[in-house]
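Each protein sequence line maps, in turn, to chains A and B.
Numbers given in our numbering equal positions in the first sequence, counted from 1, plus 18.
Numbers given in our numbering equal positions in the second sequence, counted from 1, plus 43.
Even glycine gets a Cβ: it sits at the ideal position worked out from N, Cα and C.
Note that the structure is predicted; figures quoted are calculated from it, not measured.
These notes concern the structure reproduced below.
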Amino acid sequence: METVVEAIDLTHYYGKKLVYENLNFKIKKGSIFGLLGKNGTGKTTTINILNGYLRPKSGRCLMLGEDSYNLSPDTKSRVGFLIEGHIQYQFMNVVQIEKFYRRFYPRWKRAPYFELMSKMAISESQQISKMSCGQRSQVALGLILAQDPDLLILDDYSMGLDAGYRRLFLDYLDEYARSEGKTIFVTSHIIQDLEDFLDDCVIMGYNEVLVDMPLKEFRETFKRYDFEHDASPETPLKKSDVLLNYEWLKTRGVVYSFAERAAVEKALAESGAKPRNVREVPMSLEDAFIGVTGKY
Amino acid sequence: MLFALWYKEWLKTKWTLVAIGAINLLVAAGVYLDLANTMKTVEANVVLMNVVFKEYLYYVDIKYIPALSGLIYAVMQFTPELSQSRLKLTLHLPAPEQKILATTQLIGALELAAIFAIDYLILAATTLAFFPVEVFDSMTVTVAPWFFAGFAAYFVTAAAFVEISWTRRVVIALTGYALVDALFLGVSFNAGNDAFAHAWWAAALVVSATFLLLFVSGFHYKRGIV
């Protein structure tokens with residue numbers, strides 16, 4: 019399948035602080051890709067590199083076949099970009115901002131934008147600076163839809179939105195992307211919203227990639243095991259390929275792993291944990307995310 | 044692209060432009076009214092003697108107005124772009140980034156030029172109404188660097204705003220201050236003998252070069268923090 023975005027050995031530092039080293043991922047055409055991670059793991063850095071606002075220390079990124087640091091105007095017109103916080107020109111109103119943008123985009127479609135404004139009961143003369151965060155998000159989304167891009171890059175679309183607006187935003191996007199064969203790159207801190215939305219995901223840890231696989235595969239293969247134990251609360255478990263992450267409570271423990279139960283029981287026993295009643299516990303995507311990245 | 048960017052800049056800065064225009068107009072009109080009043084109360088030949096021999100600059104009130112206008116306009120034009128990284132939106136538009144920056148700055152320069160032209164026309168009409176053409180020539184040579192200072196203040200402030208490094212920002216600001224300050228040197232009726240009269244093209248060249256500073260800052264902005 020055609021690749022729309024490809025990060026090749028991306029390495030970046032802020033001063034001497036390493037953000038990540040040799041980050042690689044590909045986004046397939048028509049897929050919805052999520053870049054997930056806790057604060058400070060490099061999500062926005064990656065988006066800045068993708069959009070050509072940051073030159074990586076080494077490595078490069080290809081967007082629609084072009085080096086992302088030197089995107090041609092034609093390629094830029096095929097990329098819709100939502101800045102964190104739904105930032106737009108606040109000195110414009112609903113009509114003015116559409117009038118401004120439409121002169122730049124050859125495939126501009128006014129209808130989806132004004133339909134969305136009408137649906138949200140946002141008046142045409144309403145100034146963006148006087149809108150709620152939710153309304154602003156719909157303006158930003160409507161403008162991206164009108165642009166009719168092949169690739170949508172959405173940096174933390176959920177920032178500042180209540181549950182209703184988040185759902186509205188994703189439902190609109192989902193329908194649009196699936197029906198029009200668009201590719202979406204999304205980051206968000208509200209992991210549970212992405213449960214039925216993403217096709218592929220990369221989960222970033224500090225300085226490293228923790229997961230890079232289709233979301234379905236991640237949900238099926240990444241597991242949580244709870245168990246009881248008699249070991250002291252200080253008993254340290256040694257993290258390994260089997261025991262990826264764990265929580266050690268007074269009388270029970272939790273282990274996150276891609277391995278089957280037998281392998282986990284064996285690894286726990288070898289660690290001296292003496293587990294009892296090891297059982298797999300179902301997880302939401304957010305639980306799995308916490309399982310991979312840890313709570314703090 | 045030009046029309047769209049002009050439309051955006053107009054929506055963003057129209058009230059700033061109106062305010063700056065009004066201040067310039069009031070000061071220029073004040074120069075006329077002051078001189079007209081002086082001419083009524085003092086004999087014309089005495090006023091002329093003062094202009095020629097005592098460096099009485101009846102238009103001195105306007106001296107810092109263009110520089111102040113350029114500074115304020117740049118602040119009002121670039122603050123919305125830089126707050127919340129809104130410049131990323133502008134640079135994501137499907138057009139060459141340096142062309143977008145150049146056009147944005149050119150729009151600002153043309154709008155300021157329109158205001159400065161009105162100032163100059165009022166000063167010219169005022170001078171020609173009361174004095175011989177030699178005074179008009181002297182006035183032109185004297186006020187020209189003040190208007191140059193207006194453009195320099197605008198270009199330098201814009202570049203300092205877009206620059207992401209505080210060190211470079213300070214360097215740009217100090218260099219700009221030195222340049223603008225230099226443009227306020229040496230004014231008198233005999234300005235025709237001053238360095239500026241002979242080297243106005245050099246001053247124009249230096250001020251025009253400050254136009255390019257925004258490209259350097261734009262390059263740094265795009266490259267990001269390293």
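Nearest-angstrom Cα separation, counted from residue j out to residue i
{"i": "A/Lys292", "j": "B/His263", "result": "58 Å"}
{"i": "B/Phe89", "j": "B/Trp53", "result": "Note on residue identity: the sequence assigns Val, not Phe, to residue 89 of chain B. For B/Val89 and B/Trp53, the distance between alpha carbons rounds to 46 Å."}
{"i": "B/Leu69", "j": "B/Gly113", "result": "17 Å"}
{"i": "A/Ile65", "j": "A/Asp189", "result": "23 Å"}
{"i": "A/Gly312", "j": "B/Leu222", "result": "56 Å"}
{"i": "B/Phe198", "j": "A/Asp211", "result": "46 Å"}
{"i": "B/Gly219", "j": "B/Thr253", "result": "8 Å"}
{"i": "A/Leu72", "j": "A/Thr63", "result": "8 Å"}
{"i": "A/Phe203", "j": "A/Ile45", "result": "8 Å"}
{"i": "A/Leu216", "j": "A/Leu161", "result": "22 Å"}
{"i": "B/Tyr102", "j": "B/Val85", "result": "17 Å"}
{"i": "A/Leu169", "j": "B/Phe258", "result": "28 Å"}
{"i": "A/Glu304", "j": "A/Ser206", "result": "12 Å"}
{"i": "B/Leu132", "j": "A/Tyr107", "result": "9 Å"}
{"i": "A/Ala158", "j": "B/Ala245", "result": "47 Å"}
{"i": "A/Asn295", "j": "A/His247", "result": "9 Å"}
{"i": "B/Pro275", "j": "A/Ser90", "result": "The structure shown does not extend to residue 275 of chain B, since chain B is modelled only from 44 through 269, so no value can be given for it."}
{"i": "B/Thr169", "j": "B/Val184", "result": "16 Å"}
{"i": "A/Pro254", "j": "A/Gly271", "result": "11 Å"}
{"i": "B/Val205", "j": "A/Lys148", "result": "26 Å"}
{"i": "A/Pro232", "j": "B/Ala117", "result": "48 Å"}
{"i": "A/Leu53", "j": "A/Asp230", "result": "9 Å"}
{"i": "A/Phe307", "j": "A/Phe118", "result": "40 Å"}
{"i": "A/Leu191", "j": "B/Gly267", "result": "30 Å"}
{"i": "A/Glu288", "j": "A/Leu36", "result": "34 Å"}
{"i": "A/Ala181", "j": "A/His104", "result": "16 Å"}
is_contact[residue i, chain B] using C-beta, thresh 8 Å
{"i": "A/Lys94", "result": "yes"}
{"i": "A/Gly70", "result": "yes"}
{"i": "A/Pro130", "result": "no"}
{"i": "A/Tyr175", "result": "no"}
{"i": "A/Phe118", "result": "yes"}
{"i": "A/Ile101", "result": "yes"}
{"i": "A/Met110", "result": "yes"}
{"i": "A/Ile50", "result": "no"}
{"i": "A/Gln210", "result": "no"}
{"i": "A/His207", "result": "no"}
Own chain partners of residue i with C-beta closer than 7 Å, once the 5 adjacent residues on each side are dropped
{"i": "A/Phe99", "result": "Asn69, Ile171"}
{"i": "A/Ala277", "result": "Val260"}
{"i": "A/Glu102", "result": "Thr62, Asp173, Asp174, Met177"}
{"i": "A/Ala285", "result": "Ser258, Val260, Leu261"}
{"i": "A/Thr239", "result": "Phe276"}
{"i": "A/Lys127", "result": "Ala164, Asp166"}
{"i": "A/Gln153", "result": "Met138, Ile140"}
{"i": "B/Ile63", "result": "Ser112, Ile115, Tyr116, Ile158"}
Cβ of residue i within 8 Å of any chain A Cβ
{"i": "B/Phe204", "result": "no"}
{"i": "B/Ala87", "result": "no"}
{"i": "B/Tyr102", "result": "no"}
{"i": "B/Ala62", "result": "no"}
{"i": "B/Pro123", "result": "yes"}
{"i": "B/Ser128", "result": "yes"}
{"i": "B/Phe46", "result": "yes"}
Chain B contact residues for residue i, given Cβ-Cβ distances below 9 Å
{"i": "A/Gln156", "result": "In chain order: nothing, as chain B lies at least about 17 Å away."}
Cross-chain neighbours of residue i in chain B, by beta carbon under 7 Å
{"i": "A/Met301", "result": "Near A/Met301 there are no residues of chain B at all, since even the closest Cβ is about 36 Å away, more than 7 Å."}
{"i": "A/Pro167", "result": "Neighbours of A/Pro167 on chain B: none; closest Cβ ~10 Å, over 7 Å."}
{"i": "A/Pro91", "result": "Pro137, Ala138, Pro139"}
Beta-carbon contacts of residue i that lie in its chain and below 6 Å, excluding the five residues immediately before and after
{"i": "A/Gly77", "result": "Ile26, Asp27, Leu28, Thr29"}
{"i": "A/Ser143", "result": "Asn111"}
Listed by chain order, chain A residues near residue i by CB distance under 7 Å
{"i": "B/His135", "result": "Asn69, Lys94, Phe99"}
{"i": "B/Leu54", "result": "Phe109, Met110, Gln114"}
{"i": "B/Lys106", "result": "Within 7 Å Cβ-Cβ: nothing; B/Lys106 doesn't reach chain A, min ~32 Å."}
Interface partners of residue i on chain A, CB under 8 Å
{"i": "B/Gly267", "result": "Asn66, Tyr71, Leu72, Arg73"}
{"i": "B/Arg211", "result": "Result: empty, since nearest Cβ-Cβ is about 16 Å, beyond 8 Å."}
{"i": "B/Leu132", "result": "Phe99, Ile101, Ile105, Gln106, Tyr107"}
8 Å Cβ cut-off: residues of chain B touching residue i
{"i": "A/Tyr123", "result": "Pro137"}
{"i": "A/Ile45", "result": "Near A/Ile45 there are no residues of chain B at all, since even the closest Cβ is about 18 Å away, more than 8 Å."}
Residue i: CB within 7 Å of a non-hydrogen atom of the ligand PLP
{"i": "A/Tyr31", "result": "Inclusion of the ligand PLP in the displayed structure is not the case, the ligand content being empty and no account of it being possible."}
Within chain A, partners of residue i - CB distance below 9 Å
{"i": "B/Gln141", "result": "What B/Gln141 touches in chain A: nothing, since even the nearest Cβ is about 12 Å away."}
{"i": "B/Tyr50", "result": "Gln114, Lys117, Phe118, Arg121"}
Cβ of residue i within 8 Å of any chain D Cβ
{"i": "A/Ile202", "result": "Among the chains of the structure shown, chain D does not appear; the protein chains present are A and B."}
Own chain residues within Cβ distance below 8 Å of residue i, not counting five before or after
{"i": "B/Gln120", "result": "Glu52, Lys55, Thr56, Thr59, Thr147, Gly151, Ala201"}
{"i": "A/Ala249", "result": "Gly290, Ala291, Lys292"}
{"i": "A/Gly60", "result": "His30, Val37, Tyr38, Leu41, Met222"}
**Prompt:** Quick one, which residues of the stretch 138-153 of chain A are near chain B if we go by CB-CB under 8 Å, in chain order?
**Reply:** For the stretch 138-153 of chain A, which is checked against every Cβ of chain B, not one residue is closer than 8 Å.
**Asked** When you check each C-beta in the stretch 64-97 of chain B against every C-beta of chain A, which residues fall closer than 9 Å?
**Response** If the cut-off is 9 Å between Cβ atoms, the stretch 64-97 of chain B has nothing near chain A.
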